[in-house]
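First the structure, in the form of structure tokens, and then the observations on it.
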Amino acid sequence: MLDGVLAAVLATGSVVEVVTRPDNVYESSAVIPVQVAAVVVAALPVAVRRVWPFSALIAATALMSVFRIVLDTPVVLWSLGVILITVYSAARHARDPLQWWSIAPPFGLLAVYSVVIPGFFNLNDLEMDITFMVAAWGIGLVLRSWAATRRALRDSLAEVEAAEAVRTATAINEERDRIARELHDVVAHCVTVMVVQAGSARLALRNDPDASESALRAVEGTGREALAEMRRMLGLLSADDTDDLAPQPSLARADRLVAQLAGTGMRIDFTVEGTPRPLPLGVDVSAYRILQESLTNAAAHAARAPVTARVRYENDAVHLEVTNGPGEESGRGSGHHGLIGMRERARLFNGRFEGERTADGGFRILATLPADGSR
Numbered sequence: 007m008l009d010g011v012l013a014a015v016l017a018t019g020s021v022v023e024v025v026t027r028p029d030n031v032y033e034s035s036a037v038i039p040v041q042v043a044a045v046v047v048a049a050l051p052v053a054v055r056r057v058w059p060f061s062a063l064i065a066a067t068a069l070m071s072v073f074r075i076v077l078d079t080p081v082v083l084w085s086l087g088v089i090l091i092t093v094y095s096a097a098r099h100a101r102d103p104l105q106w107w108s109i110a111p112p113f114g115l116l117a118v119y120s121v122v123i124p125g126f127f128n129l130n131d132l133e134m135d136i137t138f139m140v141a142a143w144g145i146g147l148v149l150r151s152w153a154a155t156r157r158a159l160r161d162s163l164a165e166v167e168a169a170e171a172v173r174t175a176t177a178i179n180e181e182r183d184r185i186a187r188e189l190h191d192v193v194a195h196c197v198t199v200m201v202v203q204a205g206s207a208r209l210a211l212r213n214d215p216d217a218s219e220s221a222l223r224a225v226e227g228t229g230r231e232a233l234a235e236m237r238r239m240l241g242l243l244s245a246d247d248t249d250d251l252a253p254q255p256s257l258a259r260a261d262r263l264v265a266q267l268a269g270t271g272m273r274i275d276f277t278v279e280g281t282p283r284p285l286p287l288g289v290d291v292s293a294y295r296i297l298q299e300s301l302t303n304a305a306a307h308a309a310r311a312p313v314t315a316r317v318r319y320e321n322d323a324v325h326l327e328v329t330n331g332p333g334e335e336s337g338r339g340s341g342h343h344g345l346i347g348m349r350e351r352a353r354l355f356n357g358r359f360e361g362e363r364t365a366d367g368g369f370r371i372l373a374t375l376p377a378d379g380s381r
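The number in my numbering is simply the position in the sequence shown, starting from 1, with 6 added.
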């Protein structure tokens, strides 16, 4: 549409020049209607300059050459605009390697005019025409290269985003597998306790009914907890556990975790607020893992910075806060994927998780998990 308007503007300007300047520098022996028709037709290729860029250039230069040779049509200033636009368009839009040859047709037109038009070969005017044509060609090539670079950057960005999406999905799945294995251990532990307690209740059933009732209540409570943990496992993939002999992760062992990391040179200020108490096993494992991952990320992204870690027990929740100052990257840790894993663990129990930059350039992680394990 816009190219059609541009062609119409160039044709109109050419017609006005033909009508108002009958004493053109390069006079024409053709009658005015023929001159008008010639300049209009010569401007038409501009309308398809982006659809068929190289063909539009060839058509414009060929028409001007043929019209001058056969019909002795005039050479108008607006025709230069047609040539400059089609040269630019061919350099900008033509298929490889035609853009490099798009400078040739205009020089061919100048050669034809120099031969068939007496006095056309004027060094000053010719130098100006060549300068304009080369400039239009160069601008087209530069913008072509710029557009190609932009496309390459967009493609690279799309590839990076796709790869990051795959890595993120993989990290989420891996973390869910890990959670499933840990919850599997929790449920297995609960079932084992239930079996032992049921056996005790059976042995005490006749001789000590009160002890038997107490054991059965314990079985009931443990069974409810196992069912709650099992519900959380649904939908998560499971995998073989390769660390069956390791102690079950628990906030009760948080001081050992801190001591272990402090032994690597980390400066950790660790405090426990409130009264520590047993948590549902699934909550306990997830809280420990969030604390562990937070400290690991601090070691990875702020190796020499001080770290403050807080565990606060409340009646209905346990709160975790790990803050580190700005420091040097050590290349360890899981970074963005570690945050994904911590968020998944908090979401599993309908908890709350936040990871944010601090004003001094450090990082703070806040997590809240329900103390009763409810969702």
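From the three backbone atoms N, C-alpha and C, an ideal C-beta is built for every residue, glycine too.
Because the structure is a prediction, the values reported are computed rather than measured.
* Asked: If you run the structure through DSSP and keep just helix, strand and coil, what is E360?
  -> Within the sequence shown, residue 360 is the residue found at index 354, counting from 1. Strand.
* Asked: Can the beta-carbon of P51 be found closer than 8 Å to that of A100?
  -> Sequence index remark: in the sequence shown, residue 51 carries index 45 (1-based). Sequence index remark: in the sequence shown, residue 100 carries index 94 (1-based). Contact flag unset, no.
* Compute the Euclidean distance between the alpha carbons of I136 and P39, then round it to the nearest angstrom. => Position 130 of the sequence shown holds residue 136. Position 33 of the sequence shown holds residue 39. Cα to Cα, the separation comes out at about 30 Å.
* Asked: Which word fits S20, buried or exposed, when buried means at least 16 other C-beta atoms lie within 10 angstroms of its C-beta?
  -> On the sequence shown, position 14 is the one that residue 20 refers to. Answer is buried; the Cβ neighbour count reaches 16.
* Any idea which residues DSSP pairs F369 with across the strands? -> On the sequence shown, residue 369 is found 363 positions in, with the first residue counted as 1. Per DSSP, N330, R363.
* Assign D246 to buried or exposed, taking buried as 16 or more other Cβ atoms, counted over all protein chains shown, within 10 Å of its Cβ. => Within the sequence shown, the letter at position 240 stands for residue 246. Residue placement at D246 is flagged as unreliable, the pLDDT there being 42, under the threshold of 50; the coordinate-derived value follows with that caveat. D246 should be labelled exposed.
* To do: Give the secondary structure of F113 by DSSP, where H, G and I count as helix, E and B as strand, and everything else as coil.
  => Your numbering for residue 113 matches position 107 in the sequence shown. Per DSSP, reduced to three states, the secondary structure at F113 is helical.
* To do: Can you tell me which of the three DSSP states D216 falls into?
  => Against the sequence shown, residue 216 aligns to sequence position 210. D216 falls in the helix class under three-state DSSP.
* Asked: For V45, which option in P376, N330, S71 has the closest C-alpha, if you only look at C-alpha atoms?
  -> As a working note, residue 45 is residue 39 in the sequence shown. Sorting P376, N330, S71 by C-alpha distance to the C-alpha of V45 places S71 at the top.
* Flag A17 as yes if its beta-carbon sits less than 8 Å from any beta-carbon of chain D, otherwise no. => Absence of chain D from the displayed structure is noted, only one protein chain being present.
* With DSSP run on the structure shown, which of helix, strand or coil describes I123? -> As a first step, residue 123 is located in the sequence shown; it is residue number 117 there, counting from the start. The DSSP-derived three-state label of I123 is coil.
* Residue span of the beta strand (DSSP E) that contains I75, given as start and end -> The residue given as residue 75 occupies position 69 in the sequence shown. Here I75 belongs to no beta strand (DSSP E), and DSSP marks it neither H nor E.
* To do: Flag this pair as yes or no: are the beta carbons of S34 and P80 separated by less than 8 Å?
  => On the sequence shown, position 28 is the one that residue 34 refers to. On the sequence shown, position 74 is the one that residue 80 refers to. Taking 8 Å as the Cβ cut-off, S34 and P80 qualify as a contacting pair.
* Local conformation of V57 per DSSP, three classes -> Taking the first residue of the sequence shown as position 1, residue 57 is located at position 51. If DSSP states are grouped into helix, strand and coil, V57 belongs with coil.
* Sort out for me which residues DSSP pairs T26 with in a bridge. => Translated into positions along the sequence shown, residue 26 becomes position 20. Partner(s): none; T26 has no beta bridge.
* To do: Quickly, what does DSSP pair R316 with across the bridge? List them, please.
  => Within the sequence shown, the letter at position 310 stands for residue 316. DSSP lists T277, E327 as partners of R316.
* Mapping DSSP to helix, strand and coil, what is L285? -> Indexing the sequence shown from 1 puts residue 285 at position 279. L285 falls in the coil class under three-state DSSP.
* Check whether the stretch 358-374 touches the stretch 299-315, counting contact only when three or more Cβ pairs, one atom from each stretch, lie closer than 8 Å. => Touching, yes, given that three or more Cβ pairs across the two stretches are closer than 8 Å.
* For P51, which of helix, strand or coil comes out of DSSP? -> Against the sequence shown, residue 51 aligns to sequence position 45. In the three-state scheme derived from DSSP, where H, G and I count as helix and E and B as strand, P51 is classed as helix.
* Asked: Which same chain residues, not among the five before or five after V22, have their C-beta less than 7 Å away from its C-beta?
  -> Residue mapping note: residue 22 aligns to position 16 of the sequence shown, counting from 1. The answer is none, since no qualifying residue turns up.
* Would you call the CB atoms of G288 and F355 closer than 8 Å? -> In the sequence shown, counting from the first residue as 1, residue 288 sits at position 282. In the sequence shown, counting from the first residue as 1, residue 355 sits at position 349. Yes, the Cβ-Cβ distance between G288 and F355 is below 8 Å.
* Same chain, Cβ closer than 6 Å to V15, five either side skipped, listed in chain order -> Taking the sequence shown and counting its residues from 1, the one referred to as residue 15 is at position 9. Excluding sequence neighbours, V15 sits near nothing in its chain.
* Short check: CB of S95 to CB of R56, under 8 Å? -> Position 89 of the sequence shown, counting from 1, holds the residue named residue 95. Position 50 of the sequence shown, counting from 1, holds the residue named residue 56. Cβ atoms of S95 and R56: closer than 8 Å.
* **W106 CB to nearest heavy atom of the ligand ZN below 7 Å** => Among the components modelled here there is no ligand, and therefore nothing to report on the ligand ZN.
* Let me know the secondary structure DSSP gives P39 once reduced to three states. => On the sequence shown, position 33 is the one that residue 39 refers to. Looking at P39 - three-state DSSP - the assignment turns out to be helix.
* Just the C-alpha distance for A62 and R74, rounded to the nearest angstrom, thanks. => The residue you call residue 62 lines up with position 56 of the sequence shown. The residue you call residue 74 lines up with position 68 of the sequence shown. Going by the C-alpha atoms only, they are around 18 Å apart.
* To do: Just mark T174 as buried or exposed, buried being the case when its beta carbon has 16 or more other beta carbons within 10 Å.
  => Taking the sequence shown and counting its residues from 1, one reaches residue 174 at position 168. T174 is exposed by the Cβ-count criterion.
* **Own chain, CB closer than 7 Å to V148, minus 5 neighbours either side, in chain order** => On the sequence shown, residue 148 is found 142 positions in, with the first residue counted as 1. Nothing meets the Cβ criterion.
* Other residues of its chain near P112: CB distance less than 7 Å, five sequence neighbours each side excluded -> Locating residue 112 in the sequence shown gives position 106, where the first residue counts as 1. So the list reads T67, I89, V93, M139, once near-sequence residues are dropped.
* From the DSSP output, in three-state form, read off G174 for me. => Here residue 174 is taken as the residue at index 168 of the sequence shown, counted from 1. The identity of residue 174 in the sequence shown is Thr, whereas the question assumes Gly. Three-state result, T174: helix.
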